[in-house]
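A short worksheet on the structure shown next.
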Amino acid sequence: MSERFASVEDVTDQLAAQGYLASPSVATTVFLADRLDKPLLVEGPAGVGKTELARAVAQATGAGLVRLQCYEGVDEARALYEWNHAKQLLRITSGRGETWDATRDDIFTDEFLLARPLLQAIRSEDPSTLLIDEVDKADLEIEGLLLEVLSDYAITVPELGTLTARHAPFTVLTSNATRELSEALRRRCLFLHIDFPEPDLEERIVRSRVPGVDDTLATSLVRVVNALRRIDLRKAPSVSESIDWARTLLALGAESLDEAVVDETLGVLLKHTDDVARARKHLQLDEADVRR
Amino acid sequence: MTDRVSTSDSGAGSLPGRLVAMVEALRGHGMVVGTSETVDAAQVMGVLTLADRDLLREGLAAALIRRTGQRRVFDAVFDVYFPAAVGARTSVREDGADDGTASPTARPRGVDDVRDDLVEALAQGGREALEDVAAAAVDALGAIQAGSGPGAAGAGWSARQTLEQLRPQTAIVRALAQRGSTAGFGERLDRDEVRRDVERFRELVQTEASRRTAEVRGRDRVAKYAVRPDASQVEFLAASREQVLELRRTVQPLARRLATRLSARRRRRNRGQVDIRRTLRRSMSYGGVPLNPVFEHRRKARPELVLLCDTSGSVAGFAGFTMLLVQALRDQFSKVRVFAFVNHTDEVTELVTGGEADPAALAERIAANANVAPWHASSDYGRALRSFVTRYGAVIGPRTSVLILGDARANHLDPDLDALRDIVGRARRTFWLNPEHESRWGLGDSVAPAYAQIVDMHECRTVDQLSGVVGRLLPV
Ligand SMILES: Nc1ncnc2c1ncn2[C@@H]1O[C@H](COP(=O)(O)OP(=O)(O)O)[C@@H](O)[C@H]1O
Ligand SMILES: [Mg+2]
Chain A
7 MSERFASVED
17 VTDQLAAQGY
27 LASPSVATTV
37 FLADRLDKPL
47 LVEGPAGVGK
57 TELARAVAQA
67 TGAGLVRLQC
77 YEGVDEARAL
87 YEWNHAKQLL
97 RITSGRGETW
107 DATRDDIFTD
117 EFLLARPLLQ
127 AIRSEDPSTL
137 LIDEVDKADL
147 EIEGLLLEVL
157 SDYAITVPEL
167 GTLTARHAPF
177 TVLTSNATRE
187 LSEALRRRCL
197 FLHIDFPEPD
207 LEERIVRSRV
217 PGVDDTLATS
227 LVRVVNALRR
237 IDLRKAPSVS
247 ESIDWARTLL
257 ALGAESLDEA
267 VVDETLGVLL
277 KHTDDVARAR
287 KHLQLDEADV
297 RR
Chain B
642 MTDRVSTSDS
652 GAGSLPGRLV
662 AMVEALRGHG
672 MVVGTSETVD
682 AAQVMGVLTL
692 ADRDLLREGL
702 AAALIRRTGQ
712 RRVFDAVFDV
722 YFPAAVGART
732 SVREDGADDG
742 TASPTARPRG
752 VDDVRDDLVE
762 ALAQGGREAL
772 EDVAAAAVDA
782 LGAIQAGSGP
792 GAAGAGWSAR
802 QTLEQLRPQT
812 AIVRALAQRG
822 STAGFGERLD
832 RDEVRRDVER
842 FRELVQTEAS
852 RRTAEVRGRD
862 RVAKYAVRPD
872 ASQVEFLAAS
882 REQVLELRRT
892 VQPLARRLAT
902 RLSARRRRRN
912 RGQVDIRRTL
922 RRSMSYGGVP
932 LNPVFEHRRK
942 ARPELVLLCD
952 TSGSVAGFAG
962 FTMLLVQALR
972 DQFSKVRVFA
982 FVNHTDEVTE
992 LVTGGEADPA
1002 ALAERIAANA
1012 NVAPWHASSD
1022 YGRALRSFVT
1032 RYGAVIGPRT
1042 SVLILGDARA
1052 NHLDPDLDAL
1062 RDIVGRARRT
1072 FWLNPEHESR
1082 WGLGDSVAPA
1092 YAQIVDMHEC
1102 RTVDQLSGVV
1112 GRLLPV
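Quick mapping for you: the protein sequence lines, in order, are chains A and B. Each number in the numbering used here corresponds to the 1-based position in the first sequence with 6 added. Each number in the numbering used here corresponds to the 1-based position in the second sequence with 641 added.
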């Protein structure tokens, strides 16, 4: 049982010190992942702070972040390790006149091994934080590999033997849920769904990320964003959009939000033109046009 | 003030016992909770102090929930097994005594008093205040006596009775007036928020009524009957009018998820095979050893989709939901056409596109405006399939996926298997989605087994099952 954090409150404080404002559910789950020694599977819409959470935990615990960014087609060679073929070829062709057996023994050593994130985290001398980001983007086959690694934090390289982690890393997997992860992988993890934050938390996040924004502006900004999240949009604005919007408003010198300001800057918040149209309708910005 | 977990009520059993019972209840609502999850949950209870109920809730959620979307059911069940207090709790916050023995409120309150409090809470806009009003409302208005009311088996607390008397929506106007919002933009936001809070309040009343009832009738019973199943678990064939409306609200979010899934699958498929020529060219830098394969990227036109739905009687809700879903997914296909039948097939693509998005209303619109039952009102699968082939057979080509929806209850008439064979023969893929439980296929007048010999038939009783077929199997 590891004890990176003393209590749930301690998690909240330490993450806050790194600029990450954790909701009670985030803080509780991080605390439990540490105590129960389980990887944390974080699911939720884009831009709610999943990746940032792993980064903040790494900083708070002083355990370097090792990140495996998943994408379609990511494979063992990119996730685990691969042999540096080019270098091996050079070594072979530069032949030193020794037997093939000797050469073979030589080219399958550490020197020719390219450690990818999973192996890096396992071999790390110091405690590390392992972030497996956007697992849902990888193909299903990679999950078998992840399960293997996450079950005992050991990796077998046939030519080198089994490498076991000195310190089991604090592991965070994130997913935007574009595909169902396997039941087995889910079962291995504690589950955390991060949703859009409660308004007062989001206000605090915005104010801490964009220091020039005052209380009133932050409050009304978050109110508008929440109103938009309640309507059917292709892409609801996330925390990252709230932050971008606050920056824009600050740059424009807007001190309060009225129809005209919202109308002009809606494009920062919404990415699709039909979303913008729908939002204008919902907030009745069209009527503002008529009045102006 | 943080709520503590109430551990003092009689007959509660030990905490581990309560956890096990809660796990049972979650399973009863379709959540897969294995031993490893239960063990994790027990560990969570060991690591967290029970003094903070909110943290315990989050901790147990982390151990027991495995996917997004299970949270509402989890919360409702948690509230039954780990209630915030015992008995009436209106006074709990007031006098600060939280020893679980709070007595019923001293002052009896009437509908108007409670509504005044609700107006106040809505005007202030805070969750705690709403919780308090919900507790007071159920206490004052929700009591039902044993044997009273139609079909009432025993005493308890009713959310419906509470809400019918209170009519929370009537508090909206007054709350807005009290907020004193400035006309225009601010007022619109206020209205939006107050409406959302009224929705929340209804849920809180439901929670409170379940909690109180659980004390009278026992937790297991309440967890089983009073917790609303997840919309994705509701059986199409058994859905109430209310549930159908709720299903409607899930169409857009579900369509969004499915669209992402379909395009991810499309991208993956397009990744294609190794491009030998480019791989060899790239390999020149490694002395001719092909180390880095280059993949071809294939671009293919999107598939076409034909939906053929039985819109008779009880299956109409299922058909309506699926039509709306497919409509919302239309970007994913190069063409979508929708057909409906009872005993004759007619095209309804236009009817699905226009008008209100309510599955039940859609079925009525089809019955009124399309020629689906020219001779009599009962189903005739054979004739319907045959008329589809005759009138619209040319619609199906080698890029078309066909989804046929229906319970395959042929009314003891000729099922016309050849008509179905004809459809399957023309299409790229054909799926039959049957809203009946697989164990009922073939019973009575169901010809499902005969059709299933010809076509890939899937049980589709719930939204979950439907989205599985659409998201995983439909060609992209
Ligand atoms: N709780 C939070 N505290 C501080 N910043 C946050 C929080 N949540 C989100 N953010 C900010 O929002 C942005 C998006 O976060 P990110 O981790 O990239 O989202 P995700 O990985 O979920 O898509 C980042 O700039 C991050 O700093
Ligand atoms: Mg991210």
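Even glycine gets a Cβ: it sits at the ideal position worked out from N, Cα and C. What you are looking at is a predicted structure, and each value in this text was computed from that prediction instead of being measured.
Would you report the Cα separation of residue i and residue j, rounded to the nearest angstrom?
i	j	result
B:H1078	A:P164	49 Å
B:V733	A:G53	Because B:V733 sits at a pLDDT of 41, beneath the cut-off of 50, its placement in the model cannot be relied upon, and the following sentence gives the value as read from the coordinates. Approximately 39 Å between the Cα atoms of the pair.
B:R1070	B:M1098	12 Å
B:V673	B:L667	8 Å
B:L689	A:S13	9 Å
A:I128	A:E186	27 Å
A:T222	B:Q806	38 Å
B:A764	B:R820	5 Å
B:D758	B:R808	13 Å
A:R194	B:L701	15 Å
B:A816	B:E761	7 Å
B:D1057	B:R869	41 Å
B:F980	B:E887	25 Å
B:K865	B:H670	8 Å
B:D1048	A:D220	60 Å
B:A1011	B:D987	6 Å
B:A796	B:A855	11 Å
B:T891	B:R841	18 Å
B:A1008	B:A1035	25 Å
B:H1017	B:N984	8 Å
B:R698	B:A872	22 Å
B:T1041	B:A726	58 Å
B:G741	B:A729	Here the model assigns B:G741 a pLDDT of 41, short of 50, so the residue's position is not dependable and the matter cannot be decided.
B:H1053	B:V1013	19 Å
A:L119	A:D264	59 Å
A:G25	B:F715	31 Å
B:G954	B:S1087	15 Å
Kindly list the residues whose CB is nearer than 8 Å to the CB of residue i, restricted to its own chain and excluding five residues on each side of it in sequence; keep chain order.
i	result
B:W971	The sequence shown places Arg at residue 971 of chain B, not Trp. For B:R971, where only same-chain residues beyond five positions count, the Cβ hits under 8 Å are V977.
B:A1060	G1023, L1026, R1027, F1029, V1030
B:V752	A781, L782, Q806, L807
A:R286	D269, L272, D292
B:Q893	A969
A:A160	I128, T168, L169, T170, A171
Here's a check: name, in chain order, each residue in its chain whose Cβ is nearer than 7 Å to the Cβ of residue i, leaving out the five neighbours to either side.
i	result
B:L660	A682, A683, M686
A:L191	E149, L152, L153
B:S1108	L895, L899
A:T34	V14
B:Q1148	Any question about residue 1148 of chain B goes unanswered here, given that chain B covers just 642 to 1117.
A:L27	L207, R210, I211, S214
A:V282	L272, G273, L276
B:A662	Y722, R860, D861
B:D831	L817, R820, S822
Just to check, is the beta-carbon of residue i closer than 7 Å to a non-hydrogen atom of ligand 2?
i	result
A:D139	yes
B:T676	no
A:T180	yes
Using C-beta distances below 6 Å, list every residue in its chain close to residue i, excluding the 5 sequence neighbours before and after it, in chain order.
i	result
A:I138	L74, L179
B:L903	Q973, V1117
B:L1003	G961
B:V863	V721, S851, T854, A855
A:S246	G53
A:L239	D281
Any 3 or more C-beta pairs closer than 8 Å across the stretch 69 to 76 of chain A and the stretch 721 to 728 of chain B: no
Touch test, the stretch 1056 to 1074 of chain B against the stretch 888 to 904 of chain B, Cβ-Cβ under 8 Å, three pairs minimum: no
Test item, CB below 5 Å from any non-hydrogen atom of ligand 1: A:Y26, A:L27, A:A52, A:G53, A:V54, A:G55, A:K56, A:T57, A:E58, A:I211, A:V245, A:S246
Segment contact, 8 Å Cβ cut-off, at least three pairs: the stretch 168 to 180 of chain A with the stretch 96 to 114 of chain A: no
Sufficient close CB pairs (3 or more, under 8 Å) joining the stretch 844 to 854 of chain B to the stretch 775 to 786 of chain B: yes
Cβ pair count under 8 Å reaching 3, the stretch 825 to 840 of chain B against the stretch 870 to 883 of chain B: no
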